[in-house]
Structures are given as structure tokens and as C-alpha cells.
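K.L.:
Residue numbers for the sequence shown follow the working numbering, so the first one is 14 and each next one is one higher.
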Amino acid sequence: MHNWQVKIFAHRGFSHRYPEATRLAYEKALEVGADGFECDVRLTKDKKVVCFHDRNLRRVGNLKKAVSRTTLTEMQEKVSAISLNELLDIAIANGIDLLIETKHPVLSGGAIEKAVIKLLDSKTKEIKEAKIEIRLMSFSRLAVRRMKKSSYPTMKVIKYSLGFLIRPTKDIAVAVELLRNHPGLITRNSSNRTYVWTVNSREDLRWLKKKGVYAVITDRPKRARRILLPSRNG
């Protein structure tokens with residue numbers, strides 16, 4: 014049996030209840046006891062790192078404009094987007110761990126990884142003093158290789174079975190649907206961290222608690238905390 018508490022990472026904040034990847038969503042995740050934040054990052058027109066999943070603003074803001082053609086100020090005004098710089102400040106101030114996923118493919122290639130690492134390096138002292146863990150991740154193997162050159166731990170995000178025929182990084186982030194089909198992945202790699210996404214159902218949360226994964230990434234941090242926390246009676 015494992016003897017640790019499964020960590021809870023808020024997927025784009027408390028995104029089940031509040032607008033995803035906004036200051037409000039992340040602050041509400043804090044209020045319900047999330048251990049960490051998860052965010053996707055892209056580069057804006059003015060080369061700022063913004064926390065945003067989609068390539069364009071259509072789904073979130075009903076706008077056809079691409080993130081790469083929109084300034085950070087415009088994104089803040091149109092969809093209440095939060096910059097990675099702002100999210101880092103919240104994480105540091107509250108001692109919250111952070112998972113940062115770079116999105117690919119993009120026309121700017123490896124510019125996003127360079128920008129993220131440059132930003133993190135500018136806050137090295139604050140990150141160390143806050144004693145928070147920051148992990149960089151991506152679906153892209155090339156992006157992971159680029160990020161491995163930094164001082165921050167990296168991991169591959171895996172959605173399909175082909176992705177883990179060879180474990181590409183010590184720590185991995187695996188889709189819960191994939192893990193359901195390949196539950197032995199956890200026990201075979203029990204010395205490494207397995208982060209599981211996106212875990213929202215009570216059934217999946219209870220199953221992963223029994224399996225002893227390191228962390229879940231969820232839209233519903235309040236529900237996850239209620240299910241994953243050890244009972245008061247031990």
C-alpha cells in the first residue's frame with residue numbers, strides 16, 4: 014500500500030465552476046484546497062506567455078482571432094486571460110505547485126519553451142524560497158527535449174497507448190481513459206510519479222486513490238479533495 018496523499022492539481026483552475034484559466038478560477042481552486050495548478054501556455058502577439066489552452070479565442074470568447082495574433086492586454090480584456098507571470102506570483106505567494114504545459118504544434122516552434130524558462134529563471138529566488146515544485150510538460154517529444162535542458166523537471170503527456178511503449182520521462186502525465194485500459198502502468202513504474210488527467214468522476218477518483226497515483230489533474234478540485242483526503246478516523 015502507498016503511504017502518501019494523492020495530490021490535487023486544478024486543471025485550468027476550478028474550471029468546472031468558473032471560467033477556465035482565469036485569475037478567478039485559480040483563486041477559487043486555492044479556496045477549496047488544491048495542492049497545485051495546471052496551466053497550458055501560449056505566446057501572444059507581443060511575445061508574452063499567457064495561460065490559454067486553445068489556438069484561438071473562438072470557444073472561450075466567440076472570436077476567430079488566434080492567440081498568436083492577439084496581445085496579452087487584448088486577451089485580458091476579451092477573455093479575462095491570466096499571464097503565466099501572474100499565475101506564478103499567485104503560486105509563489107501561496108506555496109502552490111505548478112504544472113506548465115506548452116502547446117504544439119505552433120508556428121513559433123520552440124519560442125514558447127524559451128520564454129517560459131526565461132520567465133521561471135527570472136523568479137528563481139522566489140520559487141526556491143516558496144519551496145514550490147514546478148514541472149514542465151508537453152505532448153511534443155521535441156518540446157520535452159528542449160525543456161530538459163533547463164533546471165526544471167519535465168514530463169511527457171500521454172494520451173494514446175503508443176506513447177508509453179518506452180517511458181520517455183521519469184514522470185508522466187497520463188489520460189485517465191488510457192490508464193483504465195493499462196492499469197499496470199502504475200505498479201510497473203511505482204518509483205516514478207504518475208500524474209493522471211482529467212479526473213472528474215467520483216468513480217475514477219476513488220479508483221486512483223486505491224491505485225496510489227502521485228497526483229490527479231481535475232476540473233473539480235473540491236470534489237477531488239473530499240474523496241481523496243484521508244478520513245479523520247484514519
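Don't be surprised by glycine CBs; every beta carbon is placed ideally from N, CA and C.
At 3 residues or longer, and completely inside the region 31 to 60: list those beta strand (DSSP E) runs for me, N to C.
P.N.:
Listed in chain order, they are 49 to 56.
K.L.:
Name the residue from TYR39, ALA188, GLU33 whose alpha carbon lies nearest to the alpha carbon of ALA106.
P.N.:
Checking every option, the nearest Cα to that of ALA106 belongs to TYR39.
K.L.:
Output the distance between the C-alpha atoms of ARG233 and VAL212, rounded to the nearest integer angstrom.
P.N.:
Taking the straight line from one Cα to the other gives about 8 Å.
K.L.:
Start and end of the alpha helix (DSSP H) containing LYS161?
P.N.:
Here the alpha helix (DSSP H) through LYS161 covers 154 to 161.
K.L.:
In terms of alpha-carbon separation, which member of ARG36, VAL19, LYS20, GLN18 lies closest to GLY26?
P.N.:
It is ARG36.
K.L.:
Which residues mark the beginning and the end of the alpha helix (DSSP H) in which ALA124 is found?
P.N.:
Element bounds for ALA124: 124 to 135.
K.L.:
For SER214 and LYS141, I'd like the C-alpha separation in whole angstroms.
P.N.:
Those two C-alpha atoms are separated by around 35 Å.
K.L.:
Would DSSP call GLU99 helix, strand or coil?
P.N.:
Correct three-state label for GLU99: helix.
K.L.:
Are LYS223 and LEU241 touching if we call contact CB-CB under 8 Å?
P.N.:
It is not a contact, given that the beta carbons lie outside the stated cut-off.
K.L.:
Could you tell me the alpha carbon to alpha carbon distance between CYS64 and ILE109, rounded to whole angstroms?
P.N.:
Computed Cα separation, rounded: 16 Å.
K.L.:
Would VAL119 pass as a contact of ILE125 if the rule is Cβ separation under 8 Å?
P.N.:
Yes, these two residues count as a Cβ contact at 8 Å.
K.L.:
Can you say whether ASP48 is buried or exposed, counting buried as having 16 or more other CB atoms within 10 angstroms of its CB?
P.N.:
Buried.
K.L.:
Given a threshold of 16 other Cβ atoms within 10 Å of its Cβ, counted over all protein chains shown, does LEU85 qualify as buried or as exposed?
P.N.:
Buried: at least 16 other Cβ atoms inside 10 Å.
K.L.:
From what residue to what residue does the alpha helix (DSSP H) around GLU87 run?
P.N.:
It spans 85 to 92 - the alpha helix (DSSP H) in which GLU87 sits, taken as one unbroken run.
K.L.:
Within the continuous alpha helix (DSSP H) that includes LEU111, where are the two ends?
P.N.:
No alpha helix (DSSP H) holds LEU111; the beta strand (DSSP E) holding it covers 110 to 115.
K.L.:
Which one of THR231, ALA143, VAL226 has the shortest CA to CA distance from ASP184?
P.N.:
Measuring from the Cα of ASP184, the nearest candidate turns out to be VAL226.
K.L.:
Given that a residue counts as buried once 16 or more other Cβ atoms are within 10 Å of its Cβ, and exposed if not, what is GLU33?
P.N.:
Under this definition GLU33 is a buried residue.
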